[in-house]
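Undergrad:
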Amino acid sequence: MIYLHLPFSMFLRNLASLFSVCSVSLYANAQLAGQTVKFQTILSAGSCLTATSNADGAPVVIKNCGTNATSLNSWVVPKGAGAIGTLQIFGDKCLDVTGGTNTDGTKLQIWTCAAGNTNQMWVPALGSLAWSGKNKCLDVMNGNITDGNQIQIWDCDPSNGNQIWNSIAVTTPKSFAISPKKNPALCVAASASAANATVVIEPCSPGSALQTWSDPTGRGNVMLGDNLCMSPAGSITAGTKLVLAPCVASNAAQQWDHETGVIDNRAVSDFAFVLDLTDGNETPGSQLQIWTGPIFNGTTNNINQNWIVTDTF
């Protein structure tokens, strides 16, 4: 075993940098629940997973898509990355394994979506699209990116470039709500729509303007209304409470990686300080805080720092 004798602060910076790289990759490729995306093969920057027509049995092929999203190459991921679910197109059609044949080389088609149809169950992940429970992945047959080459399934192999796909967002969330995983009936809310209003936990009230957040610029803001952002009320230290403040584009303390899971603040290193349900207190009106994240506090599953983000498209 090799021991590296580094100053502890340097160790933390290096560790955080490593997770920063990982998180950039994660957010670049993860599909949000309900998001519409294009699936682009890494074999060619302009070639996408494409249905040939809106009809049962229409083959699914590789086809040049350039920068354009059309009805033929825009797929909805209802449950998001990492979750078992359908990949939908045209509203009522789903990506489908022809005949449900679990054999290398079976071609793909679209078919009317049917609840419980295992031929239509997929697990989209970072870079792959796997047929649920079958160890088969979407595969560009023979690596041939000629328009019209029909997509097949093949034994999953993470090193096989024929099976690696980037997801390109076609839609982005118009708004989102945030709930603690330990009690999804509660939502992150503002106590008022005004600067210095506290950010608190409250019972969810669908459609409430005080619980509806957005990130219109894609910077990572958790914004209420037109120009109020969730912000630490003071210095970036464990226990600093959260308030609303006028949004400032250059203020990293107002930028968050706001996906389901740990919601970390970008003012320091990734996962150094994160959104935290103060003392686990679920009492309505309890003000939220930032606290040291899982890398820095030695815990890997702090339930007070685990959040569900529900996006509206």
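Take the sequence shown: its letters are residues -30 to -1, 1 to 283, numbered as in mature numbering (1 follows the signal peptide of the UniProt record, and there is no 0).
The C-beta atom is built at its ideal place from N, Cα and C for all residues, glycine as well.
Given the structure is predicted, the values throughout are model-derived calculations rather than measurements.
Is Lys106 buried or exposed, if buried means 16 or more other CB atoms sit within 10 Å of its CB?
TA: buried
Undergrad: Please determine whether the Cβ atom of Ala155 lies at a distance below 7 angstroms from any heavy atom of the ligand ZN.
TA: The model on display carries no ligand, and the ligand ZN is accordingly not part of it.
Undergrad: Would you call the region 122 to 132 and the region 96 to 112 touching, i.e. three or more CB-CB distances under 8 angstroms?
TA: yes
Undergrad: Are three or more beta carbon pairs between the region 37 to 53 and the region 80 to 87 nearer than 8 angstroms?
TA: no
Undergrad: May I ask which residues mark the beginning and end of the beta strand (DSSP E) holding residue 354?
TA: Residue 354 lies beyond the residue range present for the chain, which begins at -30 and ends at 283; the question has no answer from this structure.
Undergrad: Take residue 319 and list the residues in its own chain whose beta-carbon comes closer than 6 angstroms to its own, dropping the five residues that flank it on each side.
TA: The chain is shown only over -30 to 283; residue 319 falls outside these bounds and no answer can be derived.
Undergrad: How far does the beta strand (DSSP E) with Thr11 in it reach, from first residue to last?
TA: 5 to 11
Undergrad: Please report the Cβ distance between Thr88 and Lys77, rounded to the nearest whole angstrom; I am assuming they are in contact, meaning their Cβ atoms lie under 8 angstroms.
TA: That pair is no contact at about 17 angstroms.
Undergrad: To the nearest angstrom, how far is the alpha carbon of Ser220 from that of Ser205?
TA: 16 angstroms
Undergrad: Check the DSSP bridge columns for residue 299 and list the partner residues they point to.
TA: Residue coverage of the chain in this structure runs from -30 to 283, which leaves residue 299 outside it and unanswerable.
Undergrad: What does DSSP give as the partner residue(s) for Ser17 in the beta ladder?
TA: Asn34
Undergrad: What residues in its chain sit with their C-beta under 6 angstroms from that of Ala222, if we drop five residues either side in the sequence?
TA: Arg236, Ala237
Undergrad: Along the chain, where does the beta strand (DSSP E) containing Thr141 start, and where does it finish?
TA: Element bounds for Thr141: n/a, residue is neither H nor E.
Undergrad: So what's Asp246 in DSSP terms, helix, strand or just coil?
TA: strand
Undergrad: Excluding the 5 residues flanking Ala(-1) on each side, which residues of the same chain have their C-beta closer than 6 angstroms to its C-beta?
TA: Ala51
Undergrad: I want to know whether the region 240 to 257 touches the region 163 to 180 - three or more CB-CB distances under 8 angstroms.
TA: yes
Undergrad: My assumption, with CB atoms under 8 angstroms, is that Lys33 sits in contact with Gly97. Please give the rounded CB distance.
TA: With 8 angstroms as the limit, Lys33 and Gly97 do not qualify as a contact, their Cβ atoms being about 20 angstroms apart.
Undergrad: Below 6 angstroms CB to CB, which residues in the same chain sit around residue 286 once its five sequence neighbours on both sides are set aside?
TA: An answer regarding residue 286 cannot be provided, because it is not within the stretch -30 to 283 covered by the chain.
Undergrad: Do the CB positions of Leu19 and Ile138 come within less than 8 angstroms of each other?
TA: no
Undergrad: What separation, rounded to the nearest whole angstrom, lies between the Cα atoms of Asp227 and Leu2?
TA: 13 angstroms
Undergrad: What three-state label does DSSP hand Gly131 in the structure shown?
TA: Looking at Gly131 - three-state DSSP - the assignment turns out to be helix.
Undergrad: Per DSSP, what are the beta-bridge partners of Ser178 in this structure?
TA: According to DSSP, which records beta bridges pairwise, Ser178 is partnered with nothing at all.
Undergrad: What does the Cβ neighbour count give for Asn(-17), buried or exposed, with the cut at 16 atoms within 10 Å?
TA: A caution first: Asn(-17) carries a pLDDT of 37, below 50, which makes its placement in the model unreliable, though a value can still be read off. So Asn(-17) ends up on the exposed side.
Undergrad: Give me the Cα-Cα distance between Asp26 and Gly209, rounded to the nearest whole angstrom.
TA: 56 angstroms
Undergrad: If the criterion is Cβ atoms closer than 8 angstroms, does the pair Asp234 and Gly263 meet it?
TA: yes
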